[in-house]
Structures are given as C-alpha cells and as structure tokens.
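Some notes on the structure that comes next.
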Amino acid sequence: MSYKSKPLPLTFACAATESKLFPSDSGNEIALCGRSNSGKSTLANFLLKEDRQLVGETAGLTRDIISEEFQWKKNNYIIIDTPGLRKKSKISDEVEKKSSKSSLRSVDISDISILMIDASIGFDKQDLLISNYMEDKGKPFILAINKWDLIKDKKNSKIEILDKISKSLSQFRGASTVFISSKNGHGIDELMKEVLQIYDLSFIEISTNKLNSFLDKVTSTHTHPTDNGREVRFKYITQINSNPIYFAIFTNKPKAVLDSYKRYILNNLREEFSLSGVPIKIIYKKTDNPYKKN
Numbered sequence: 001m002s003y004k005s006k007p008l009p010l011t012f013a014c015a016a017t018e019s020k021l022f023p024s025d026s027g028n029e030i031a032l033c034g035r036s037n038s039g040k041s042t043l044a045n046f047l048l049k050e051d052r053q054l055v056g057e058t059a060g061l062t063r064d065i066i067s068e069e070f071q072w073k074k075n076n077y078i079i080i081d082t083p084g085l086r087k088k089s090k091i092s093d094e095v096e097k098k099s100s101k102s103s104l105r106s107v108d109i110s111d112i113s114i115l116m117i118d119a120s121i122g123f124d125k126q127d128l129l130i131s132n133y134m135e136d137k138g139k140p141f142i143l144a145i146n147k148w149d150l151i152k153d154k155k156n157s158k159i160e161i162l163d164k165i166s167k168s169l170s171q172f173r174g175a176s177t178v179f180i181s182s183k184n185g186h187g188i189d190e191l192m193k194e195v196l197q198i199y200d201l202s203f204i205e206i207s208t209n210k211l212n213s214f215l216d217k218v219t220s221t222h223t224h225p226t227d228n229g230r231e232v233r234f235k236y237i238t239q240i241n242s243n244p245i246y247f248a249i250f251t252n253k254p255k256a257v258l259d260s261y262k263r264y265i266l267n268n269l270r271e272e273f274s275l276s277g278v279p280i281k282i283i284y285k286k287t288d289n290p291y292k293k294n
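First residue of the sequence shown: 1, per this note's numbering; consecutive thereafter.
Listed below in structure tokens is the structure:
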C-alpha cells in the first residue's frame, strides 16, 4: 500500500528510497537536519568526540551528506550530517541545490531525525516546512533548540519558543523538544535519551482488540454528526504498519468523516496508548468488517 504525500514547498521533494545507506544492524540512523548554521556539524563532532566536520560562522559549510558510526551509552548509532536547508532564492549554485536535495532525502533513509533550531532565531516558517515534511513522511523526529548557552533570558525565551512550536505543530501533539548547546555538550545526554525513547516508540504494535475497545469508547462518548441524516458508523480499527505508524479505520462513510472528528480520534489515540512524540497516520476506508459473521 502506498501513501501519497503533499509536496514540500522547499527546493526539492525527496526521492523515494527503497534501501538504506547502511546495513540495518549497524545502528540507529540519525539524520541531523535544519537550516544552515544551526549547529548540526558541531553536534556531530561532539557525538563523534572528534572534529570530523567543517564548522564555522559561515552558513552552508557542509555540502555533502557525511555519515559516521558512534556509540552512546553502549548503544550503536550512525550520525548523518546533512547540508543546511535554505529557501530556493538563496541557493546560488548547482552544488548547493544537490546538497539540499540530499538533505531532505536523508529523512527518508534515516530511522529518526533531529531538527536543529537556532535558539537565537527561534522556530520559524522554514523549520515548520521541514518538520511538516518529516511528519508527512511519518518519520519520528526531535526538535533540538541549539545554542541555548547564548540565550540570556532563558525563562521567557523557552516559553516563547514552546508556545510557537505548540501552535505551529498542533497536528503533532507532544513533539519532543530538548534545549541543548552542541558546542559545550549541555543537554546532549537528554537528547540521546529522547532519541532512544522515540525510536523504540515508533516500533510499537498495538493489538486489534485493544484498538477496537478504544474506538468503541471514543465513538460512543462523542458520536459523529449525521451526514445528510444518515449515521456515520465506525466499524473497526487496525494497525497496518509501524515506523511509520499507520492505522486504518473502516467506516460506512469515509468521505463524510469531519476533520475535527479525525483530530478528536487522533488526539485520544495518542493519549490512550502514550504515543506523544511520534507521527501517526490514520486512513479511513470503506469496507465490510471481515470479523463480522454472516
């Protein structure tokens, strides 16, 4: 089964990739993504415990995808450092165009992505486009607010950034956000704990019985409005994939299900099964219940 994704209004959309760059037993693949000069290469150097990447004040120093294996708390990982993403109007040569395409493509081939955000700039439209692409692909990601050591009014800055993220990513409730300094290592341990936790959560498998008990409860607690006088009935739900997590809900009128009701089911699904922090996709299909006896 294939799922059609909305086009990303950045320079390139990622090409579909069927195979990983590295063997699956090499470790959890982490893609570092974000705008230029957000600190991706500095974080990569800290995790690798050596200066493998070119870093500096000038934006766009990294132009190729660079991958390295490393170990953190006895767990094996592969870091994928990517070129900074910039708006099309700021991409001046063919090399950087290819770099931007590779950077987005790294989301598809990684297990989890870390979206680096410059704390001095905050969460802006470009970050939203990147995070929406990650969410649309169903890939788990963590927001790393970097350069936190440079912020003087940390209390008010944190409130402002979290509020903007909450409003911008309302469809992705509970997005994991960690405040770090990739230069001095502040918050990196917490970041890696989140990586492991979100990665494990993305592979969760929920039994059909539990899912249908949930569906019965939420649809009876708050029923869907009728469609031209006809009842919209929700027959059953099942999980059809993990990492990315997909569910299918079967109903007599899939096209009539309101967006507000879809959000109601999604939010309750997250809460019921503790799925905050990972993208979830629910598709609505029209079919007869195969478990129903004739």
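For each residue, glycine too, the CB sits at the ideal point set by N, CA and C.
Consult DSSP for residue i and reduce its assignment to one of helix, strand or coil.
| i | result |
| --- | --- |
| residue 256 | helix |
| residue 37 | coil |
| residue 281 | strand |
| residue 67 | strand |
| residue 44 | helix |
| residue 118 | strand |
| residue 57 | The pLDDT assigned to residue 57 is 41, lower than 50, so where the model puts this residue is not dependable; a value taken from the coordinates is nonetheless given after this. Note: residue 57 maps to coil in three-state DSSP. |
| residue 23 | Summary for residue 23: the model assigns pLDDT 41, below 50, so the residue's position carries little reliability; its value from the coordinates is reported in the next sentence. The answer is coil: DSSP assigns residue 23 none of H, G, I, E or B. |
Residues bridged to residue i by DSSP?
| i | result |
| --- | --- |
| residue 141 | 113 |
| residue 29 | 78 |
Hey, out of the options, whose CA is closest to residue i's CA?
| i | options | result |
| --- | --- | --- |
| residue 235 | 121, 254, 125 | 254 |
| residue 358 | 263, 283, 163, 44 | Look at the range of the chain in this structure, 1 to 294, and you will see that residue 358 is not part of it. |
| residue 135 | 28, 155, 114 | 114 |
| residue 73 | 191, 206, 203, 210 | 191 |
| residue 176 | 197, 186, 182 | 197 |
| residue 276 | 202, 127, 149 | 202 |
| residue 258 | 247, 226, 122, 240 | 226 |
| residue 283 | 240, 274, 260 | 240 |
| residue 210 | 195, 185, 231, 247 | 247 |
| residue 118 | 223, 34, 243, 138 | 34 |
| residue 50 | 37, 204, 68 | 68 |
| residue 285 | 266, 250, 142, 147 | 250 |
| residue 185 | 28, 29, 39, 271 | 39 |
| residue 109 | 79, 125, 123, 124 | 79 |
| residue 166 | 265, 224, 122 | 122 |
| residue 269 | 243, 252, 238, 287 | 238 |
| residue 143 | 153, 131, 154, 149 | 131 |
| residue 214 | 168, 273, 32 | 273 |
| residue 137 | 150, 267, 229, 242 | 242 |
| residue 287 | 252, 141, 163, 125 | 252 |
| residue 245 | 154, 221, 204 | 204 |
| residue 133 | 221, 222, 105 | 105 |
| residue 153 | 120, 116, 31, 107 | 120 |
| residue 182 | 155, 199, 161, 146 | 146 |
| residue 125 | 163, 116, 168 | 168 |
Could you round the C-beta distance between residue i and residue j to whole angstroms and report it? I think they count as a contact, below 8 Å.
| i | j | result |
| --- | --- | --- |
| residue 188 | residue 46 | 6 Å |
| residue 112 | residue 195 | 6 Å |
| residue 256 | residue 278 | About 28 Å; that fails the 8 Å criterion. |
| residue 28 | residue 77 | 5 Å |
At least one CB of chain C closer than 8 Å to the CB of residue i: is that the case?
| i | result |
| --- | --- |
| residue 49 | This model lacks chain C altogether, as it is built from one protein chain only. |
For residue i, verify whether its CB is less than 7 Å away from any heavy atom of the ligand NAP.
| i | result |
| --- | --- |
| residue 143 | Among the components modelled here there is no ligand, and therefore nothing to report on the ligand NAP. |
* Asked: Where are the alpha helix (DSSP H) runs, 4 residues long or more, that stay fully inside the segment 228-276, in chain order?
  -> 259-272
* Along the chain, which unbroken stretches of the alpha helix (DSSP H) at least 4 residues long are found entirely within the segment 137-224? -> 154-168, 188-201, 208-221
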